[in-house]
Each structure stands twice: as C-alpha cells, then as structure tokens.
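Using UniProt numbering, read the sequence shown as starting at 1 and increasing by one per residue.
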Amino acid sequence: MKRVIVDYNKLTAEILAMLVEKYPEGYTDADVIRFKNSKNETVEALEVRTEDTIYLVKVSTRLADTMENYDEDDYFMNNEDDNIGGNVDLSDNSIDGD
C-alpha cells in the first residue's frame, strides 16, 4: 500500500472529507501518529485510508480549524482545482507507527 504525506497546503477536498468523517468530533493526541522523516525531523500526522493509499496528513492549527469549520458544499465550490502534487511518497518501511 502506498503512503503519502500531505501538508495542509496540499489538502484536497476528498482527503479533508475523509478526515472529517473519521474524526467528526475532532482528534485527540491518541489519534496522532508520530514518525521521523528523511531529514530526521519528527512529524505528527493523522491517518486516513483509501483502498490503495494511506494518507498521513500533517497536524497543524490550521488543519484543526479547517476540520472544525468544514462545510462540504462550500469546500467543494472553492477548491475545484484539487491537486495532491508536491506530496511525499513513502515506502512502507519508512514509517515508525505506534
């Protein structure tokens, strides 16, 4: 299964919808996955899955605010040019999961 790190700036409507569905009341510290990236920096992310991809969405204050204020109709109207370009594709053995 492919793993992709997604920064808030590259968040698509589809991934945001999956996050809101998985964490309708918001997320807690227990939901956050921590791992080291290729630069040995600690990254905190939330995980959502599709049939073939695991998305690790970097946690930030802006992400929490966007999830809290999410309105599917508004978001899809304002983000028609969704693009995941610029995300990092990770091999399966590069993530230290808890």
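All residues carry an ideal CB built from backbone N, CA and C; glycine is no exception. For clarity, every value in this text was computed on a predicted model and none was experimentally measured.
Pick out whichever of the options has its Cα sitting closest to the Cα of residue i.
i: K22; options: N69, E47 and K2; result: E47
i: E51; options: M18, T12 and V6; result: M18
i: V57; options: Y70, R34 and M1; result: R34
i: V4; options: A13, I54 and L16; result: I54
i: K10; options: N69, E68 and L63; result: L63
In whole angstroms, give me the CA-to-CA distance for residue i and residue j.
i: D31; j: E44; result: 10 Å
i: T28; j: D7; result: 19 Å
i: T12; j: D65; result: 15 Å
i: K2; j: R49; result: 10 Å
i: I15; j: N40; result: 26 Å
i: V20; j: G26; result: 8 Å
i: S38; j: M67; result: 28 Å
i: S60; j: T42; result: 13 Å
i: residue 106; j: N69; result: No answer is possible for residue 106: the residues shown for the chain start at 1 and end at 98.
Following the continuous alpha helix (DSSP H) through residue i, name the residue where it begins and the one where it ends.
i: A45; result: Element bounds for A45: not the alpha helix (DSSP H) but the beta strand (DSSP E), T42 to R49.
Quick check on the DSSP output: the beta strand (DSSP E) that includes residue i runs from which residue to which?
i: residue 121; result: Residue numbering for the chain in the displayed model covers 1 to 98; residue 121 lies beyond these limits and cannot be assessed.
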